[in-house]
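Protein chains in written order, with my numbering: chain A, 440 to 552; chain B, 440 to 552.
Pasting the structure below:
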C-alpha cells in the first residue's frame, strides 16, 4: 500500500480549513493532538469502514495527518510541525477551541470513544 | 429584507472553518480584515450574482460576517470581535497566512479585484 502525502510546501490553507471543518475530523485531530501515533481503529468506534477511510483520506490529502501503513492497520499522527511552520498559530487556535469552547467540546464529545 | 445572523454564543467552530476553507471566501475575508464596511459589489467583480449570494450566506450563517441591508445593496463587515472571543487566535492565524504564506496569497490573488 502506497499512501501519498503532500510535501510541507504543498499544503494548502483552504484544504486544511475545509478538512478541519467537520465534527468527526475535529474529534480525530483533537485525539492526535497528544502527539502520539494511533491506529485507525482506536480513535473512532462504531463508524463504517468506508466513512473512516473517507475521513483519513481528507485529513491526509490536506496535509493534516501522516497515515503510515503498519501491518494490517495504519498508524495516524498529526503533522504538527509542518502545520505550525506553514500556518503559525492555526492549529493551536483550533486545539484551544477544542479544549476550551463549550460548543466545540460538545461537538467533539459526541464522537469520543 | 430580514437577514439572520447567529448570536456570538451560537457560532460553531466547524461552520467557521468550513466557511473559511474556500478560495473565494478566503479572498472576501481578507478584504474585510481592514475592519471597514464594504458593499457586496465592491469586493468581487465578474462573479455571478447567485454565486456571490451563496458565499455571503455561507459567511453570514457561519457567523464570520455581518451583512446589513443598505438601500439596494448590503454592507458586509467582519465579526472580528465575536470570532476573537469565541476562538482566540484563529482569525489572526488565518489572516497571517493570507498575508504571508505564498501559496495562500496566490489563491487569494486570483480573485482580487
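Glycine is no exception: its CB is placed at the ideal position from the N, C-alpha and C atoms.
- According to the DSSP assignment, residue 508 (chain A) belongs to the beta strand (DSSP E) that extends over 504-509.
- For the region 522-538 of chain A, residues whose beta-carbon sits nearer than 9 Å to a beta-carbon of chain B comprise 525, 526, 527, 528, 529, 530, 531, 532, 533, 535, 536 and 537.
- Measuring C-alpha to C-alpha distances from residue 520 (chain B) to each of B:540, B:472 and B:454 identifies B:472 as the nearest.
- Per DSSP, the unbroken beta strand (DSSP E) holding residue 515 (chain B) starts and ends at 512-517.
- Residue 444 (chain A) carries a coil assignment under DSSP once its states are collapsed to helix, strand and coil.
- With contacts defined as CB atoms closer than 8 Å, residue 522 (chain A) and residue 503 (chain A) qualify as a contacting pair.
- Cα atoms of residue 477 (chain A) and residue 513 (chain B): separation of roughly 48 Å, rounded to the nearest angstrom.
- Cβ proximity to chain A below 7 Å picks out 462 and 465 from the region 462-479 of chain B.
- Distance from the CA of residue 505 (chain B) to the CA of residue 489 (chain A), rounded to the nearest whole angstrom, comes to 38 Å.
- Interface criterion met: the Cβ of residue 451 (chain A) is under 8 Å from a Cβ in chain B.
- For the pair residue 524 (chain A) and residue 510 (chain B), the Cα-to-Cα distance works out to about 45 Å.
- Taking 8 Å as the cut-off, the beta carbon of residue 532 (chain B) is found no closer than this to the beta carbon of residue 543 (chain B).
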